[in-house]
Amino acid sequence: MILSSWSVALQGIDGHAVEVEAAEGGGLPRTQIVGLPDKALNEAKERVKAAARACELKWPEQLCTINLSPAGLPKAGTHYDLAIAVAALGTQGLISPDKATRTVLLGELALDGRVRRVRGILPAMLAAVKAGFERAIVPTGQVAEAALVPGIAVEGAGRLDEVVQLVNGLTVENPSEAAQPSEPAPDVRPAFVPDLADVVGHEDGKFALEVAAAGRHHLFLHGAPGVGKTMLASRLPSILPDLDDDESVEVSALHSLAGHELTGLITRPPFADPHHSTTPVALVGGGSGELKPGAISLAHRGVLFLDEAPDFGAKLDALRTPLENGWINVSRARMSTRFPARFQLILAANPCPCGKYGVQGMDCTCDSVKVRRYQERLSGPILDRIDIKHQMAGINRMLLDVGTATTPEASAAVLERVLAARERQRHRLRRTPWTTNGEVAGPYLRKHLPLPSDLGVLNSALQRGSISARGVDKVLRLAWTLTDLAGAGQITNRELRAALQLRQGEQERAA
Ligand SMILES: Nc1ncnc2c1ncn2[C@@H]1O[C@H](COP(=O)(O)OP(=O)(O)O)[C@@H](O)[C@H]1O
Ligand SMILES: [Mg+2]
Ligand SMILES: [Zn+2]
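Numbering (the working numbering), first residue to last: -16 to 494.
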């Protein structure tokens, strides 16, 4: 008798239903899996067999062939274990016919029969609902995550025998607890977001941060060590609006894939700040087992903060494609996957390895070649894609004025302005695929949005060679954000000039 069960193949955050069929007979007693399984999946036969034995469930005695279809779809991961076990146990008459047809099964099995938590429950559930499944069985502890997707009944199981009972339509009174995932993931979602009110002075730096937040522009902060670059950058999340519904699902799906525990949809923009010693795989995604999203995808629709950016070295080159397209392609052997990676890039850097180059009253100890190399690591392709460059100066005097000076503005007040500016952008761009100025494509910017009546400032900057063609688009995007922050409907000369200065690293208030 052939019985089939169902699971989901994930490619990035897209999923496809996979039918798992098992047939017994015609050969020596062993279990084989066909239909493009990867290594981890191929090892499933050992896990499910041991789990069945641990739960005292009868395993096929002859050759048991497990077929995963569609065959052409590459299949990776360990979450097929439950579907494989159920299909195989079906050959022993342990599963009532037809019971497994409308149910999707997600979970890994431990050798002792326990169900293990898996990554990617959320995107798998999205695919299951789309494919019309009515019921899902997932590891206990991940029911809440699975239930974030409406339109499908979710049940949790902690052991293989409980899975069998549930599939057969029986209830399990107290399902046991699922085991931890085989590779637990570090979380990049900030638990606590610091406030701009802590930052004394730096009015221009805060304004640059506000503009970056309002239009989702990339920002580069440079200056001597200790001036507050890290402090300022880490406060960006405090002035970013919530994600919209679609973004929320997309971001949550990526974090689910990374193995982060989800108790609700992620509604705040994520903030990823990988250390410069991070591996290329941890930064951009990939891996030797299953392909996993990296920091740039965990920062999708949020912030990627690279502190001490020159120290990332050659790893920075991998950011070029995602900065252009909003996604990254990762591959290994015959698997290739695309993960969304549309992040807002914030870079911070000292002027040289010792940090004292060009700082008044300090002596840099680096030789000139070292200084140039350090600065060059950021130059070219990456720096050209940065919208706002801001040089931060020392603030000793302002720190000492703390008692007498007025309290710095809190993040909540800045967020109000950012929200208003975002609303104006959303309205202007309502018939486009974009919602913020930072994303708008160059041609649309130049041909479909009203240009400032006087382009003199921009033209002379172009003629002087102080701005590139890509730079023109960047300046226009920034000018729109300044206009939106000012609550006006049309870019004027003032915004254009201010935008040019933000782009070139000199700072002037638009107000
Ligand atoms: N403008 C400021 N207001 C208040 N504290 C500051 C300011 N700038 C720096 N500090 C203090 O100095 C520390 C070092 O700042 P940091 O942001 O790490 O400097 P950088 O990243 O530029 O080297 C901060 O943790 C903070 O305590
Ligand atoms: Mg720092
Ligand atoms: Zn130096």
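For glycine and all other residues, C-beta sits at the position ideal for the given N, C-alpha and C.
Just so it is clear, the structure is predicted and the values come from calculations on it, not from any experiment.
Starting from the C-beta of residue i, find all residues in its chain whose C-beta is less than 8 Å away, skip the five residues before and the five after it, and write them out in chain order.
i, result
"Glu233", "Ile(-4), His283, Arg284 and Pro323"
"Ile450", "Leu441, Ala444, Val458, Leu483, Arg486 and Gln487"
"Pro303", "It is Arg, not Pro, that sits at residue 303 in the sequence shown. Taken in chain order, the residues that qualify are Pro364, Ile365 and Arg368."
"Asn25", "Ile16"
"Thr213", "Asp290 and Ala331"
"Leu495", "Given that the chain is displayed from residue -16 to residue 494, the structure contains no residue 495 and the question cannot be resolved."
What's the call for residue i, buried or exposed, on a 16-neighbour Cβ count within 10 Å?
i, result
"Gly363", "exposed"
"Phe175", "exposed"
"Gln327", "buried"
"Met345", "exposed"
"Lys28", "buried"
"Asn510", "Because the chain spans -16 through 494 in this model, residue 510 falls outside it and cannot be assessed."
"Val1", "buried"
"Thr61", "buried"
"Glu7", "buried"
"Asp370", "buried"
"Lys32", "buried"
"Pro426", "exposed"
"Lys430", "exposed"
"Glu406", "exposed"
"Asn151", "exposed"
"Ala403", "exposed"
"Leu11", "exposed"
Provide the residue(s) that pair with residue i in DSSP beta bridges, ordered along the chain.
i, result
"Glu91", "Arg99"
"Asp(-3)", "Gln(-6)"
"Gly139", "Val121"
"Phe190", "Its beta-bridge partners do not exist; DSSP assigns none."
"Val313", "Thr320"
"Cys47", "Glu7 and Thr14"
"Ser436", "The partner list for Ser436 (beta bridge, DSSP) is empty, contrary to what the question assumes."
"Thr86", "Arg118"
"Met375", "Gly206"
"Glu2", "Trp(-11) and Ser52"
"Pro20", "Lys58"
"Gln327", "Val286"
"Gly270", "Paired residue(s): none; Gly270 is not in a bridge."
"Ala197", "According to DSSP, which records beta bridges pairwise, Ala197 is partnered with nothing at all."
"Lys275", "Gly269"
"Phe254", "Val286"
Tell me which residues share the same chain as residue i and place their Cβ nearer than 7 Å to its Cβ, disregarding the 5 neighbours each side in the sequence.
i, result
"Thr418", "Gln408, Arg409 and Leu412"
"Cys38", "Gly96, Arg142, Leu143 and Asp144"
"Ala493", "Unreliable placement is indicated for Ala493, whose pLDDT of 35 sits below 50; no coordinate value is reported for it."
"Ile474", "Pro435, Ala462, Trp463 and Thr466"
"Arg36", "Trp42"
"Arg13", "Leu46"
"Leu281", "Val171, Leu237, His238, Ala241, Pro253 and Ala255"
"Pro164", "Arg99, Arg100, Val101, Arg102 and Gly242"
"Lys524", "As displayed, the chain neither begins before -16 nor continues past 494, which places residue 524 out of reach and without an answer."
"Gly495", "Not covered by the structure: residue 495. The range shown for the chain is -16 to 494."
"Glu491", "Reliability of the predicted coordinates at Glu491 is poor, the pLDDT of 36 falling under 50, and the value obtained from them is presented with this limitation in mind. Excluding positions up to five away in sequence, the list reads Ala481 and Gln484."
Please work out which residues of its chain come closer than 6 Å, Cβ to Cβ, to residue i, disregarding the five sequence neighbours upstream and downstream, and give them in chain order.
i, result
"Leu330", "Phe203, Leu289 and Ala292"
"Ile222", "Ala196, Ser394, Val397, Leu398 and Val401"
"Glu193", "Val397"
"Pro158", "Thr123, Gly139, Ala140, Gly141 and Glu145"
"Gly(-2)", "Val(-9), Pro106, Ala107 and Ala110"
"Gly270", "Val264"
"Val354", "Cys335 and Tyr340"
"Leu306", "Arg368"
"Gly198", "Thr419, Asn420, Gly421 and Thr464"
Can you give the beta carbon distance from residue i to residue j, rounded, assuming they're within the 8 Å contact cut?
i, j, result
"Leu179", "Pro391", "7 Å"
"Ala376", "Val210", "7 Å"
"Ala119", "Leu89", "7 Å"
"Ala54", "Glu4", "That pair is no contact at about 11 Å."
"Leu215", "Gly188", "5 Å"
"Pro257", "Leu266", "6 Å"
"Leu77", "Arg30", "Not confirmed; about 18 Å, so no contact."
"Pro177", "Ser231", "Actually they are not in contact, since the Cβ atoms of Pro177 and Ser231 sit about 23 Å apart, beyond 8 Å."
"Gln(-6)", "Thr389", "About 54 Å separates the two Cβ atoms, so there is no contact after all."
"Asp21", "Met318", "7 Å"
Below 7 Å, is the gap between the Cβ of residue i and the nearest heavy atom of ligand 5?
i, result
"Lys430", "Judged by which ligands are present, ligand 5 is missing from the structure shown, whose ligands are ligand 1, ligand 2 and ligand 3."
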